[in-house]
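Some notes on the structure that comes next.
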Amino acid sequence: MKTTIVKPEAPKWILIDAEGQSLGRLAARTASILRGKHKPSFSPHQIYGDYVVVINASKLTFQSAKLHRKQYARHTGFIGSLKVISLGDLFKQNPVQVIEKAVKGMLPKNKLRNEMMKRLHVYAESEHNHGAQKPQPLTSSPSTDSTSSRQASSGQASNN
25 MKTTIVKPEA
35 PKWILIDAEG
45 QSLGRLAART
55 ASILRGKHKP
65 SFSPHQIYGD
75 YVVVINASKL
85 TFQSAKLHRK
95 QYARHTGFIG
105 SLKVISLGDL
115 FKQNPVQVIE
125 KAVKGMLPKN
135 KLRNEMMKRL
145 HVYAESEHNH
155 GAQKPQPLTS
165 SPSTDSTSSR
175 QASSGQASNN
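If you count the sequence shown from 1, you need to add 24 to reach my numbering.
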């Protein structure tokens, strides 16, 4: 039996503004776009995703307890050398790395992850150097749409 492989279309460039968004929702939406799950030609063993440019990484919002409770750990390889840093400290040092770690954790743990991560470009401020690619701004996320539609439907139900 022959396997049919669809020729991928040219990837688009998508611009996401992180200002005022929560880290988890932003990372989940970004990982989905990088994988290409928003396209009808999605296949888990191929890279069909688009390029993503995230701006204003330094303007994310967090729950206050999350800044101290969430810990990132790494080991240098020497005995007793476990390095631990909190989300708040890492965010002060490098807000770009916070988003990159969150998105990387939401991508599949296989050989395609590094290729998908090469398509992610994160910037702490609103300036980026991908103007020539003409990234299309992402207007709204599905979580925002479903929340507003739920509020609207519950408001209509209470009025009747």
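By construction, the Cβ of each residue, glycine as well, lies at the ideal position given by its N, Cα and C atoms.
In the DSSP annotation of this structure, the continuous segment of the beta strand (DSSP E) that includes residue 107 starts and ends at 106 to 110. For residue 46, the secondary structure class from DSSP, reduced to helix, strand or coil, is strand. For residue 144, the pairing in a beta bridge is given by DSSP as 76. With contacts defined as CB atoms closer than 8 Å, residue 51 and residue 147 fail to qualify as a contacting pair. Contact fails between the region 94 to 101 and the region 53 to 73, because fewer than three Cβ pairs, one in each stretch, are under 8 Å apart.
Just so you know, the alpha carbons of residue 75 and residue 103 end up roughly 40 Å apart.
Under the 10 Å beta carbon count, residue 47 is surrounded by 16 or more other beta carbons and is classified as buried. Partner residues in the beta bridge of residue 40, as assigned by DSSP, are 78. DSSP places residue 87 in the coil class of the three-state scheme, outside both helix and strand. A residue is called buried when at least 16 other Cβ atoms come within 10 angstroms of its Cβ; residue 159 meets this threshold and is buried. Considering only 31, 62 and 41, the residue with the shortest C-alpha distance to residue 150 is 41. For residue 121, the enclosing alpha helix (DSSP H) covers residues 119 to 130.
Taking residue 161 as reference, the option from 33, 78 and 69 with the minimal CA-CA separation is 78. When the Cα atoms are used, residue 36 and residue 69 turn out to be separated by approximately 19 Å.
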